[in-house]
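J.:
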Amino acid sequence: GDSVTQMEGPVTLSEEAFLTINCTYTATGYPSLFWYVQYPGEGLQLLLKATKADDKGSNKGFEATYRKETTSFHLEKGSVQVSDSAVYFCALTPQVSGLTGGGNKLTFGTGTQLKVEL
Amino acid sequence: ETGVTQSPTHLIKTRGQQVTLRCSSQSGHNTVSWYQQALGQGPQFIFQYYREEENGRGNFPPRFSGLQFPNYSSELNVNALELDDSALYLCASSQGGSSYNEQFFGPGTRLTVL
């Protein structure tokens, strides 16, 4: 079945440091790929997504590129802030045709906790 | 526009009991999905409801069941609670169940089974 593997945390960085969180996936064909963020005590928020190979998703200074050849979707940010401290989840939905039930069923990685310090 | 809401926020039950969790979908959404997030883990898909019918199910036993109502709100029922059912239960709504339909998540219900 489909699966997502992401680097274990916690990741601790100083403010303005460069961030990379690795994510690789196993799935048939061309799934859609996502990064979600979960702040303490809150639900999941969509951070960015990419729906086809070589697409780059970006939002709030975060970027990730859909790499089919390496089945990866690594999250990057050039300069992190204390407010970026949260848990980040990589996820996918399967490639399905038409209006299929459960077509937007998300398969998540285990999450990576990011702590940014002053 | 009202987002996805869930109730209750927290719940404590004992082993063997039954529990019902509730979710109100975002305005205009007809599809609700439920996920279980154990501590330190990513969310796991339980099932999805589309226009009051179950529309996909993950690897969860039959004691996990659900309902969707005509107003598209939903309930998750868990019978014969086990200690391992302790988790954050997330509800997400969308405008359909296809891969093009973004899911919007509620804040979750924290269930503790003693």
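As you go down the protein sequences, you meet chains A and B in turn. When you line the first sequence up against the numbering used here, it's residues 193 to 310, in that order. When you line the second sequence up against the numbering used here, it's residues 10 to 123, in that order. Ideal Cβ placement from N, Cα and C applies to all residues, glycine included. Fair warning: this is a prediction, and the values are worked out from it, not measured in the lab.
Can you tell me which of the three DSSP states residue 274(A) falls into?
T.: On the first sequence, residue 274(A) is found 82 positions in, with the first residue counted as 1. Residue 274(A): helix per DSSP, three-state reduction.
J.: Hey, residue 101(B) and residue 42(B): beta-carbon distance below 8 Å or not?
T.: Position 92 of the second sequence, counting from 1, holds the residue named residue 101(B). Position 33 of the second sequence, counting from 1, holds the residue named residue 42(B). Taking 8 Å as the Cβ cut-off, residue 101(B) and residue 42(B) qualify as a contacting pair.
J.: Alpha carbon to alpha carbon, how far is residue 50(B) from residue 56(B)?
T.: Mapped onto the second sequence, residue 50(B) falls at position 41. Mapped onto the second sequence, residue 56(B) falls at position 47. Approximately 18 Å between the Cα atoms of the pair.
J.: Could you name the residues that DSSP lists as bridge partners for residue 242(A)?
T.: Residue 242(A) sits at position 50 when you count from the first residue of the first sequence. Paired residue(s): 225(A).
J.: Applying the 10 Å Cβ sphere with the 16-neighbour rule, what's the burial state of residue 253(A)?
T.: Start at 1 with the first residue of the first sequence, and residue 253(A) comes out as number 61. It counts as exposed.
J.: When the Cβ atoms of the region 196-210 of chain A are set against those of the region 241-258 of chain A, are three or more pairs found closer than 8 Å?
T.: Too few Cβ pairs lie closer than 8 Å, so no.
J.: Report the three-state DSSP secondary structure of residue 92(B) (helix, strand or coil).
T.: Locating residue 92(B) in the second sequence gives position 83, where the first residue counts as 1. Residue 92(B) falls in the helix class under three-state DSSP.
J.: Given a cut-off of 8 Å on the beta-carbon distance, is the pair residue 303(A) and residue 116(B) in contact?
T.: As a working note, residue 303(A) is residue 111 in the first sequence. As a working note, residue 116(B) is residue 107 in the second sequence. No, Cβ-Cβ distance for residue 303(A) and residue 116(B) is not below 8 Å.
J.: Return the first residue and the last residue of the beta strand (DSSP E) that residue 119(B) is part of.
T.: The residue labelled residue 119(B) in the question sits at position 110 within the second sequence. Where residue 119(B) is concerned, the enclosing beta strand (DSSP E) stretches over 118-122.
J.: Give me the Cβ distance between residue 245(A) and residue 286(A), rounded to the nearest whole Å; I'm assuming they're in contact under 8 Å.
T.: Along the first sequence, read from residue 1 onward, the residue named residue 245(A) stands at position 53. Along the first sequence, read from residue 1 onward, the residue named residue 286(A) stands at position 94. The pair is not a contact, with the Cβ atoms about 15 Å apart (cut-off 8 Å).
J.: Would you say residue 96(B) and residue 45(B) are within 8 Å of each other, going by their C-beta atoms?
T.: Indexing the second sequence from 1 puts residue 96(B) at position 87. Indexing the second sequence from 1 puts residue 45(B) at position 36. A contact, by the Cβ cut-off of 8 Å.
J.: Which value, in whole angstroms, describes the spacing of the CA atoms of residue 121(B) and residue 261(A)?
T.: Counted from its first residue, the second sequence places residue 121(B) at position 112. Counted from its first residue, the first sequence places residue 261(A) at position 69. Cα to Cα, the separation comes out at about 42 Å.
J.: Please report the distance separating the alpha-carbon of residue 109(B) from that of residue 118(B).
T.: As a first step, residue 109(B) is located in the second sequence; it is residue number 100 there, counting from the start. As a first step, residue 118(B) is located in the second sequence; it is residue number 109 there, counting from the start. Approximately 27 Å, taken between the alpha carbons.
J.: At least one CB of chain A closer than 8 Å to the CB of residue 111(B): is that the case?
T.: If you number the second sequence from 1, residue 111(B) lands on position 102. Yes, residue 111(B) lies at the interface with chain A (some Cβ there is under 8 Å from its Cβ).
J.: Any Cβ of chain A within less than 8 Å of the Cβ of residue 116(B)?
T.: Indexing the second sequence from 1 puts residue 116(B) at position 107. So yes, residue 116(B) belongs to the interface.
J.: So which of 21(B), 61(B), 20(B) and 19(B) has the shortest CA-CA distance to residue 34(B)?
T.: Along the second sequence, read from residue 1 onward, the residue named residue 34(B) stands at position 25. Taking only the C-alpha atoms, the option nearest residue 34(B) is 61(B).
J.: Cα separation between residue 273(A) and residue 307(A)?
T.: By 1-based counting over the first sequence, the position of residue 273(A) is 81. By 1-based counting over the first sequence, the position of residue 307(A) is 115. Approximately 9 Å between the Cα atoms of the pair.
J.: Hey, how far is the Cα of residue 99(B) from the Cα of residue 309(A)?
T.: Within the second sequence, the letter at position 90 stands for residue 99(B). Within the first sequence, the letter at position 117 stands for residue 309(A). Rounded to the nearest angstrom, the two C-alpha atoms are 29 Å apart.
J.: Ignore the nearest five residues each way along the sequence and tell me which others in residue 25(B)'s own chain have a CB closer than 7 Å to its CB.
T.: Numbered from its first residue, the second sequence carries residue 25(B) at position 16. Cβ within range, chain order: 89 and 90.
J.: Can you round the beta-carbon distance between residue 67(B) and residue 54(B) to whole angstroms, since I take them to be within the 8 Å contact cut?
T.: Position 58 of the second sequence, counted from the first residue, corresponds to residue 67(B). Position 45 of the second sequence, counted from the first residue, corresponds to residue 54(B). About 4 Å separates the two Cβ atoms, so the contact holds.
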